[in-house]
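Okay, so the sequence shown: first residue is 11 according to this note's numbering, each after it adds one.
Even for Gly, the Cβ is constructed at its ideal location relative to N, Cα and C.
Notes follow the structure.
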Amino acid sequence: MAFFIWKDSFNIGIEEIDQQHREFLGLLNEYYEVVSLSKTATLDHELVNKLKSYVSMHFDFEVNLLKNTGYVETEEQLKQHNYFESRISELESSMVQGNAEALNAVFTFLRDWFLNHVLESDRKYVPYVTKQQILEKK
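Spelled out as structure tokens, the structure:
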């Protein structure tokens, strides 16, 4: 059973970013299912690595897009991404060692990240990036 269901209101208007956010949401649902169905409160390394790898790829794509368009708050976006990656790394050993509280804390962190960063911070750059892309096509 999915915890998150993608809504059109989640779209920020940049198709490739929206697609990546949908995939991230899919990983959150996968994480939720593993944690909620697990009797031992363990999470295998494969899912943790899959999540970390996907997020790293998405962050790289997003930051490159922002740098290429000259977005003035790229460094702030990068700081937020670095915080996310460091926080996940801090929690990783607890995730795979079966600490149920840590598994729930990670899910809460991931959920809040999606709701706050993706749905708020990412929306800030959309008008700028869209305008730059239109100007480049002219």
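From which residue to which residue does the alpha helix (DSSP H) around residue i run?
i, result
"Leu76", "55-79"
"Val116", "110-123"
"Asp28", "25-47"
For residue i and residue j, I'd like the C-alpha separation in whole angstroms.
i, j, result
"Thr79", "Ala110", "42 Å"
"His127", "Phe119", "11 Å"
"Phe124", "Leu35", "8 Å"
"Glu40", "Tyr93", "23 Å"
"Leu28", "Asn21", "The sequence shown places Asp at residue 28, rather than the Leu named in the question. The alpha-carbon atoms of Asp28 and Asn21 are separated by roughly 5 Å."
"Lys147", "Val73", "21 Å"
"Glu26", "His68", "10 Å"
"Gln143", "Phe71", "15 Å"
"Glu85", "Phe13", "32 Å"
Grouping DSSP H, G and I as helix and E and B as strand, with all else coil, what is residue i?
i, result
"Glu83", "coil"
"Asn92", "helix"
"Lys17", "coil"
"Ile22", "coil"
Determine the contact status of residue i and residue j, defining contact as a CB-CB distance below 9 Å.
i, j, result
"Leu76", "Gln90", "no"
"Tyr138", "Val65", "no"
"Glu33", "Lys62", "no"
"Val116", "Ile24", "no"
"Lys60", "Leu38", "no"
"Val45", "Asn114", "yes"
"His31", "Asp132", "yes"
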